[in-house]
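*Asks:* Read in order, the letters of the sequence shown correspond to residues 3 to 92 in the working numbering.
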Amino acid sequence: MRTHKMHLKEPYFSYIKDGTKRIELRLFDEKRRRIDLGDLIEFSESNDKSIQVRVVGLLHYDSFVDLCKDFDIAILADKAATKDDLMATL
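1. Quick one: residues in its chain with C-beta nearer than 8 Å to the C-beta of leucine 92, no 5 flanking neighbours on either side, listed in chain order?
2. Pull up the CB-CB distance for lysine 23 and tyrosine 17, whole angstroms please, since I reckon it's below 8 Å.
3. Among all the DSSP beta bridges, which residues are the ones paired with valine 55?
4. How close, in whole Å, do the beta carbons of threonine 84 and isoleucine 77 come, if the pair is a contact with beta carbons under 8 Å?
5. Taking histidine 9 and serine 46 to be in contact with their CB atoms under 8 Å, please state how far apart those CB atoms are, rounded to whole angstroms.
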């Protein structure tokens with residue numbers, strides 16, 4: 003089991019922290035290829051704000067658009083946001 007460190011901007015850091023956002027979207031780059039089920043991810047928003055979460059699933063999609071088709075916005079961000087809002091931040 004490894005711990006991976008990743009930065010996460012607001013408001014997405016708070017969404018993860020309060021359980022609103024249950025899926026983190028990242029490109030499957032070299033750094034993310036090292037992540038396995040059961041690993042920990044330490045998300046930090048700043049030097050004094052961080053949270054650790056356990057990886058419970060890994061999904062691979064050809065694009066963010068394809069992923070967004072499979073999940074409700076309430077799982078990906080906040081139900082007040084739209085999928086267009088989310089795509090604009092990716």
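Cβ atoms here follow ideal geometry from the backbone N, Cα and C, with glycine treated the same way. This structure is a prediction, so every number in the text was calculated from the model and none was measured.
*Replies:* With the given structure in hand:
1. For this step, residue 92 is matched to residue 90 along the sequence shown. Leu27 and Phe66, listed in sequence order.
2. Position 21 of the sequence shown, counted from the first residue, corresponds to residue 23. Position 15 of the sequence shown, counted from the first residue, corresponds to residue 17. Yes, lysine 23 and tyrosine 17 are in contact; Cβ-Cβ is about 3 Å, under 8 Å.
3. Locating residue 55 in the sequence shown gives position 53, counting from the first residue. DSSP, once it has assigned bridges, lists Ile43 as partnering valine 55.
4. Locating residue 84 in the sequence shown gives position 82, where the first residue counts as 1. Locating residue 77 in the sequence shown gives position 75, where the first residue counts as 1. At roughly 14 Å, the Cβ-Cβ gap does not stay under 8 Å, so threonine 84 and isoleucine 77 are not in contact.
5. Counting from one through the sequence shown, the residue named residue 9 turns up at place 7. Counting from one through the sequence shown, the residue named residue 46 turns up at place 44. Indeed, because the Cβ distance is near 6 Å, the residues count as touching under 8 Å.
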